[in-house]
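Each remark here refers to the structure printed beneath this line.
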Amino acid sequence: MPVPRGLFMLRSPIRAALLALLLVPARGFAQSLMVASPIVTIDDRTRTGLVVLINDGIVPMEASISTFYGYPVTDSLGRMYLRTFTDLADTMPSAAAWVQCFPRRLHIEPKSRATVRLLVTPPANLASGEYWARLVVATKGGQISLGGLPDSSGIEAKLDIEVRSVVGLFYRVGAVKTGVALANLRSTEQGDSLVGRVALTRQGNAAFVGSIKAQLRDTIGNVRAERLLPLGVYYTLEPRFSLPVAGLPPGRYALTVEALSNRPDLPSNLLLSTVPVQTSVEVRLE
Amino acid sequence: MSRSPWPTRLALSAIALSIVALPGHAQNNASASVTATVQQPITVTKNNDLSFGSVFPGVNKAIGVTAGGAAKFTVAGQASTPVNLTFTLPATIASGGNNLTINSWTGQYNTVDAPTGGTTFTPSTSATSATLASDGALYVYVGATAAPTAGQAAGSYSGSMTMTVVYF
Amino acid sequence: MSRRRVILVLFGFALSGQPVAGQVTTLHNLTFGTITSGTTTHVVYTSSSAAQWQIHPTLGLTGTFQFTLPTTLSGPGASLSITYSSSDGHWRANTNNPSTGGTTFDPHNTQSIALVLSQNVYVWLGASVSPPLNQKPGTYTGTVVLTVTGLL
Chain S
0 MPVPRGLFML
10 RSPIRAALLA
20 LLLVPARGFA
30 QSLMVASPIV
40 TIDDRTRTGL
50 VVLINDGIVP
60 MEASISTFYG
70 YPVTDSLGRM
80 YLRTFTDLAD
90 TMPSAAAWVQ
100 CFPRRLHIEP
110 KSRATVRLLV
120 TPPANLASGE
130 YWARLVVATK
140 GGQISLGGLP
150 DSSGIEAKLD
160 IEVRSVVGLF
170 YRVGAVKTGV
180 ALANLRSTEQ
190 GDSLVGRVAL
200 TRQGNAAFVG
210 SIKAQLRDTI
220 GNVRAERLLP
230 LGVYYTLEPR
240 FSLPVAGLPP
250 GRYALTVEAL
260 SNRPDLPSNL
270 LLSTVPVQTS
280 VEVRLE
Chain V
0 MSRSPWPTRL
10 ALSAIALSIV
20 ALPGHAQNNA
30 SASVTATVQQ
40 PITVTKNNDL
50 SFGSVFPGVN
60 KAIGVTAGGA
70 AKFTVAGQAS
80 TPVNLTFTLP
90 ATIASGGNNL
100 TINSWTGQYN
110 TVDAPTGGTT
120 FTPSTSATSA
130 TLASDGALYV
140 YVGATAAPTA
150 GQAAGSYSGS
160 MTMTVVYF
Chain Z
0 MSRRRVILVL
10 FGFALSGQPV
20 AGQVTTLHNL
30 TFGTITSGTT
40 THVVYTSSSA
50 AQWQIHPTLG
60 LTGTFQFTLP
70 TTLSGPGASL
80 SITYSSSDGH
90 WRANTNNPST
100 GGTTFDPHNT
110 QSIALVLSQN
120 VYVWLGASVS
130 PPLNQKPGTY
140 TGTVVLTVTG
150 LL
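Residue numbers (numbering that gives the first Met the number 0), protein chains in the order written: chain S, 0 to 285; chain V, 0 to 167; chain Z, 0 to 151.
Below, the structure written as structure tokens:
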């Protein structure tokens, strides 16, 4: 920004303050990437898919697409994280190396969308089943200044910020079937919450992508608390969930967890359906 | 007495026209279905950059998560969906052969749009588990400390950081 | 009833403008495909996803056609609004190609046409949907009706 000539007529401290006002950079403005869906499904009939990226911000955006292999698991506290591998065994159902993205790098103008086409080129004679990858969409929206006042030391600092979104990719070959088994439902009362855990084990040859619905019912069957948790079970998962129980009278309740093959964030045509399953335990609130 | 032919011709014409005019087999309207399959996107917005303002040699400048200069991101998606956050952060940023130390990274995520009252975490390559709010939003704030040496050389220092959001 | 009276009734019926004058066939439905909530999707009339009809007159036809347009689509969540701009309708005589000729019109308005036997009229319709970010995912549907009214 050019410095007004009249500024140099002012006394030094005032000039410095005004310089600060003039030269401190404007705060960064919003840079926003939408990935149209949290999952991408591709089948072996077409071996093609697409992912739509939307720049909902007001600055242009550079995006790049890549893949790696990983799947969700839970830690000892029931928190989900992505398990990744530095080396892949041949037995792992990884599709990461088979996915080509067109284009792999792209420029998206503000308030515009772009479509990245995906092509899967798998090895021959692939067994029926589902193969997984994680799609990484990385975006940059230009440089950002951290400092800005060119003081006597002349130090300026800036950081480029890259934002990455990681979504699931499922490549389905032949007949695929999914399901889930529930076990070991338990809970503890923690403050105003009933914290539960349940073990889920995938059935069939495809990941169970759906939700678990936890409900707390009183002795006459009324639902007093409910929570829906979207998830994907690739092998096993033992997620943590919590139900608000503040204000509920002490006594006996039934805690039920039902696994459903639908997710509130995904249209049903992307998911493999399966018969709902549920498990229950009695709990006592103090 | 013979009858005038015109009533017969007129009758036949009228009958013919009537046959044509009656709906009969002719379709005068047709329907088309309209279909749209809605899917919900996931969105990551970088709202604010990390800004230290003025930096002086030998004087550490810390920007906390509640400071106006903190970086801010908004994650949006389906309500109550679990996500993981990971960060790749520079230890230094460079200007030519000179390095400026950036350390003491701090973070907070919240289900409401406020840098206080949420959950503090240390941004790192290890996953931080979070859950989107009931309206599908998650607000993430990141701060750090710029630590110039007393003899820090003048210049424009630059580096990069990455925030990764994993959806399950 | 006398024969003359019958004749007059039939003739009057034939001239009464009962909606009958052509065969209307749906060639294509309006398909938005998979759309993303929080964004606007517009299908233009030249798109292969646009709705399309063919009007084929039984005889030469002077008449009108009009749409019955849905304002919402129904599905697993709240009703999804659908809108039509003044340039989302298009018709063309004889040629099944909207890109190189024809007449663009506001689909809310009735259109007048005049055909001779052996001519066809092709009609296309586009539209826009803008599901809010909290729109429940799933498939939403509606129906558009094209009605032709002919006068001999």
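Positions of the beta carbon are idealized from the N, C-alpha and C atoms, including for glycine. As the structure is a prediction and not an experimental result, all values here were calculated from the model.
Pairing L265/S with P136/Z gives a Cβ-Cβ distance under 8 Å. The beta-carbon of V276/S is placed no less than 8 Å from the nearest beta-carbon of chain Z. Around Y83/Z, the same chain offers L68, P106, H107, A126 as residues with beta carbons nearer than 7 Å, after the five sequence neighbours per side are excluded.
About 5 Å separates the beta carbon of Y166/V from that of P37/S, a gap short enough to meet the 8 Å contact definition.
For the C-beta of P130/Z, the chain V residues within less than 7 Å are, from N- to C-terminus, V37. Secondary structure note for N28/V: its beta strand (DSSP E) is the uninterrupted segment 28-38. Residues of the same chain with a CB within less than 7 Å of the CB of T45/Z, apart from the 5 flanking positions on each side, are P97, S98 in chain order. Inter-residue distance for T114/S and G117/V is about 36 Å (C-alpha atoms, whole angstroms). Nearest neighbour of A146/V by Cα position, chosen from S79/V, G57/V, G106/V, A129/V, turns out to be G57/V.
Listed in chain order, the alpha helix (DSSP H) elements of length 4 or more contained wholly in the stretch 104-134 of chain Z amount to none.
By the Cβ-count criterion, D89/S is exposed, with fewer than 16 other Cβ atoms from all chains shown falling within 10 Å of its own Cβ. Listed by position along chain V, the residues whose Cβ is nearer than 9 Å to that of G56/S are T44, K45. At a cut-off of 8 Å between beta carbons, E161/S contacts chain V. Counting C-beta pairs closer than 8 Å gives three or more between the stretch 195-212 of chain S and the stretch 228-246 of chain S, which meets the contact rule.
Within chain V, the residues whose beta carbon sits less than 9 Å from that of Q134/Z are V37, Q39, listed in sequence order. Under DSSP, I41/S forms a beta bridge with Y170/S. Using a CB distance cut-off of 8 Å, T110/V does not count as an interface residue toward chain Z. Relative to the Cα of A69/V, the nearest Cα in the group V164/V, T163/V, T80/V, A113/V belongs to A113/V. By the criterion of a C-beta distance shorter than 6 Å, T187/S is surrounded in its chain by V194, once the five residues flanking it on both sides are discounted.
Contacts between M33/S and chain V, judged by CB atoms closer than 8 Å, involve P40, I41, T42 in chain order.
Leaving aside the five residues that flank Q118/Z on each side, the residues in its chain whose CB is nearer than 8 Å to its CB run, in chain order, P56, A92, N93. Inclusion of A213/S and L242/S in the CB contact set at 8 Å is warranted, their separation being smaller than that value.
The beta carbon of V280/S is closer than 6 Å to those of L184, L254 in its chain, skipping five residues each way along the sequence. Across the structure, D87/Z and W52/Z are spaced so that their CA atoms are roughly 14 Å apart.
A245/S sits exposed, since fewer than 16 C-beta atoms from the chains shown fall within 10 Å of its C-beta. Cβ neighbours of I211/S within its own chain (closer than 6 Å, five residues either side excluded): L228, V256, A258. Sorting G150/V, T34/V, A66/V by C-alpha distance to the C-alpha of L99/V places G150/V at the top. DSSP places A126/S in the coil class of the three-state scheme, outside both helix and strand.
In this structure, T121/V keeps its C-beta atom at 8 Å or more from the C-beta atom of T33/Z. Taken through DSSP and simplified to helix, strand or coil, A95/S comes out as helix. Rounded to whole angstroms, the separation of the alpha carbons of N133/Z and E225/S is 20 Å.
With a cutoff of 8 Å on beta-carbon distance, L134/S and V39/S are scored as near each other.
The three-state secondary structure of N204/S, taken from DSSP, is coil. Per DSSP, the continuous beta strand (DSSP E) segment holding T91/V begins and ends at 91-94. Under the three-state reduction of DSSP output, S63/S falls in the strand class. At least one CB of chain Z lies nearer than 8 Å to the CB of L265/S.
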